[in-house]
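**Q**
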Amino acid sequence: MEAAAPSAALRVYGPSNFRDDELVFNSGEIGRLQSELRAKIESCYGRVRQLPGVLDAGFCFGLLDPVSNIVAGASIARAAVEAKEEEEEEERSLPGARLGEPDLIGDMNRRSFHGLVDFLTALFPHLTNAMAIWYLNEARLDPLVAALLIVKRRGMERSFGFASDTTAAAVETALRCAAASAQHPNPSQFALGWKLLSHSDLNNVAAVLPSSANSDYSDESFAAAIAMVDDVLLKKQPQPTSVLSLEKSWELASARLRNLGPDLSPIVLEKKVFLERAAVWRMLLTTIHGYYLQALARLPKDKLQSHYHHSLLQAGHCYGPLDPVGNIILNTIWYSRAYPPAKNVEISAISTRGLLRIAVRSLYGLVSFLCTRCAATHLTPDEAIRRLQAVAADLRLADPNLLLDDDKNDDDMVVSATVEQAYTAAAAAARHPEPHHQNTSSSQKQRSRF
């Protein structure tokens with residue numbers, strides 16, 4: 000049975016509990032992060048600047064480790080030159096390392112810096128430049144390792160879809176954005192080159208060039224890697240019509256993450272301050288907003304226009320014993336029947352602001368529900384947000400005990416309040432117009448198992 004005191008304290012959270020002031024890096028911290036990242040980039044180029052074309056078209060971003068990305072980027076540019084049969088003119092624009100021109104080296108460092116940051120911000124919504132720099136420093140300059148850390152940090156393991164066409168298209172777009180930010184002469188050609196390489200055996204290149212930042216690179220290893228990449232890019236083959244093939248890239252990135260050291264993941268994932276709160280909050284809000292759009296599509300059009308619109312915006316919250324869309328519909332219909340409006344007003348559309356308001360209130364209700372249920376284990380709002388993000392705001396999954404019978408319990412979560420008490424907290428946080436009746440109704444729905 001649920002071990003809950005009859006007078007368990009309600010934990011109600013609202014806008015004042017989710018201010019982002021503590022999450023903003025100050026100017027000094029941002030400057031330090033930028034300096035650290037630039038130093039890593041400079042060190043990376045210091046090991047490969049002898050290679051031809053590196054300081055013109057070899058960038059740290061791509062689908063492999065930073066050094067392999069530089070080698071592949073230079074090869075992609077050479078392949079484009081040869082494909083256009085303009086070798087003599089174009090080769091002068093790819094002269095290789097010019098060690099006596101420090102401005103050229105500094106310019107390449109700057110271009111790779113912006114490309115790396117824009118790769119991550121294009122791939123992940125709501126990621127700030129400062130957070131992208133922070134992740135790249137933690138990942139030792141490795142863009143895909145940084146992406147894995149973001150996925151883990153945001154609790155996106157279930158929803159990211161590493162091998163999906165959607166993710167592949169997003170990565171391709173991120174490569175184009177990064178190339179454009181780094182002033183690549185042909186971002187589309189750059190993305191196409193990586194598409195060709197992604198359908199080849201990336202293990203070969205990764206095996207020739209060690210990914211450790213402290214490893215030494217011999218002329219033989221560079222020559223072998225360049226030959227492998229050139230062999231793929233210079234073959235007469237049709238352009239791939241499919242999206243990027245990312246399975247091998249993610250597999251290699253996971254191995255590099257493990258090789259960075261056993262202390263890296265715990266440090267990143269257990270920071271005292273939840274650095275991704277604002278981003279995860281917006282992602283959850285986007286998910287919940289999508290549920291409301293689905294609910295609007297399912298409700299009868301005539302009744303929605305006449306009176307359901309009122310009950311949906313007042314009390315159509317997404318928490319309850321069903322899936323989120325089902326809860327919205329059920330709560331909307333219940334409130335419309337229990338508290339019909341004094342006068343029906345026909346409308347043709349619901350405002351975006353109105354939908355956003357009820358979505359935000361639903362999110363406050365979900366957080367308050369979980370924190371009240373788990374008060375004994377001191378579940379924080381940040382932890383509740385991460386739990387909700389991991390299960391796409393589905394309360395049945397966020398609270399394993401939600402639908403259990405009274406004589407059963409799930410040891411995965413220790414509860415300190417009854418479901419009724421948690422619904423009371425949710426109703427208060429969500430500003431339900433009839434919180435007491437909403438609590439009673441939710442409990443009845445729970446028992447009847449709609």
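Counting in numbering that gives the first Met the number 0, the sequence shown runs from 0 upward without gaps. Built from N, CA and C at the ideal position, the CB exists for glycine as well.
Would Ala-121 and Cys-59 be called neighbours here (beta carbons separated by less than 7 Å)?
**A** Not closer than 7 Å, so no.
**Q** Report the three-state DSSP secondary structure of Glu-275 (helix, strand or coil).
**A** Here Glu-275 sits in coil by DSSP.
**Q** Where does Leu-292 land, buried or exposed, given buried means 16+ other C-beta within 10 angstroms?
**A** Leu-292 comes out exposed.
**Q** Between the alpha carbons of Trp-133 and Ser-197, how many angstroms are there, rounded?
**A** Cα to Cα, the separation comes out at about 27 Å.
**Q** Apart from the five residues on each side of it in sequence, which residues of its chain come closer than 8 Å, Cβ to Cβ, to Glu-246?
**A** Within the same chain, Glu-246 has close Cβ partners Phe-161, Ala-162.
**Q** With a threshold of 16 other CB atoms inside 10 Å of the CB of Lys-342, please say whether the residue is buried or exposed.
**A** Lys-342 should be labelled exposed.
**Q** In whole angstroms, what is the alpha-carbon distance linking Trp-249 and Leu-143?
**A** If I take the Cα positions, the gap works out to 7 Å.
**Q** Would the beta-carbon of Ser-180 fall within 7 Å of that of Gly-114?
**A** Yes, the Cβ-Cβ distance between Ser-180 and Gly-114 is below 7 Å.
**Q** Classify Gly-30: buried if its beta carbon has 16 or more other beta carbons within 10 angstroms, exposed otherwise.
**A** Classification of Gly-30: exposed, given that the 10 Å Cβ count is below 16.
**Q** Count the other C-beta atoms from every protein chain shown that fall within 10 angstroms of the C-beta of Ile-346, then say buried if there are 16 or more, exposed otherwise.
**A** Classification of Ile-346: exposed, given that the 10 Å Cβ count is below 16.
**Q** Taking only the alpha-carbon atoms, compute the straight-line gap between Arg-37 and Phe-112 and give it to the nearest angstrom.
**A** Between Arg-37 and Phe-112, the C-alpha separation is close to 7 Å.
**Q** Near Lys-235, what residues of its chain come up, given a Cβ to Cβ distance below 7 Å and the 5 sequence neighbours on each side ignored?
**A** At Lys-235 the pLDDT is 49, less than 50, meaning the model places this residue with poor confidence and gives no usable figure here.
**Q** Can you name the start and end residues of the alpha helix (DSSP H) that Lys-151 belongs to?
**A** That run of the alpha helix (DSSP H) goes 142-152.
**Q** Just how far apart, CA to CA, sit Asn-258 and Val-413?
**A** Computed Cα separation, rounded: 36 Å.
**Q** Taking its Cβ as the centre, do 16 or more other Cβ atoms sit within 10 Å of Val-344, making it buried, or is it exposed?
**A** Counting Cβ neighbours within 10 Å, Val-344 comes out exposed, since fewer than 16 surround it.
**Q** Looking only at its own chain, which residues have a Cβ that is under 8 Å from the Cβ of Phe-449, when we skip the five neighbours before and after it?
**A** Bear in mind that a pLDDT of 43 at Phe-449, under 50, signals an unreliable position, so the model cannot answer this.
**Q** Can you check which of these residues, His-308, Ala-358, Arg-356, is closest to Pro-340 by C-alpha distance?
**A** Per the Cα distances, His-308.
**Q** If we ignore side chains and look at the alpha-carbon of each, how far apart do Tyr-44 and Leu-394 end up?
**A** Going by the C-alpha atoms only, they are around 49 Å apart.
**Q** Taking the alpha helix (DSSP H) that Lys-247 falls in, what are its first and last residues?
**A** Taken as a continuous stretch (DSSP letters only), the alpha helix (DSSP H) holding Lys-247 covers 246-258.
**Q** Taking 7 Å as the cut-off, decide whether the C-beta atoms of Asp-149 and Phe-123 are in contact.
**A** It is Ile, not Asp, that sits at residue 149 in the sequence shown. Yes, they are a contact pair.
**Q** Count Cβ pairs between the region 385-402 and the region 152-160 that sit closer than 8 Å; are there 3 or more?
**A** The answer is yes - the region 152-160 touches the region 385-402, with three or more Cβ pairs under 8 Å.
**Q** For Ser-349, which residues of its own chain have a beta-carbon under 8 Å away from its beta-carbon, when the five flanking residues on both sides are left out?
**A** The question names Ser, yet the displayed sequence has Ile at residue 349. Around Ile-349: Leu-295, His-308, Leu-311, Leu-312.
**Q** Between which two residues does the alpha helix (DSSP H) carrying Ala-341 extend?
**A** No alpha helix (DSSP H) holds Ala-341; DSSP gives it neither H nor E.
**Q** Figure out for me which residue from Thr-285, Leu-62, Gly-364 has the closest Cα to the Cα of Arg-10.
**A** Answer by Cα proximity: Gly-364.
**Q** Could you tell me the alpha carbon to alpha carbon distance between Gly-192 and Arg-255, rounded to whole angstroms?
**A** Whole-angstrom Cα-Cα distance: 23 Å.
**Q** Quick one: what does DSSP say Glu-35 is sitting in, helix, strand or coil?
**A** Correct three-state label for Glu-35: helix.
**Q** If you draw a straight line from the C-alpha of Leu-63 to the C-alpha of Tyr-422, how long is it?
**A** If you take the alpha carbons of Leu-63 and Tyr-422, they lie about 48 Å apart.
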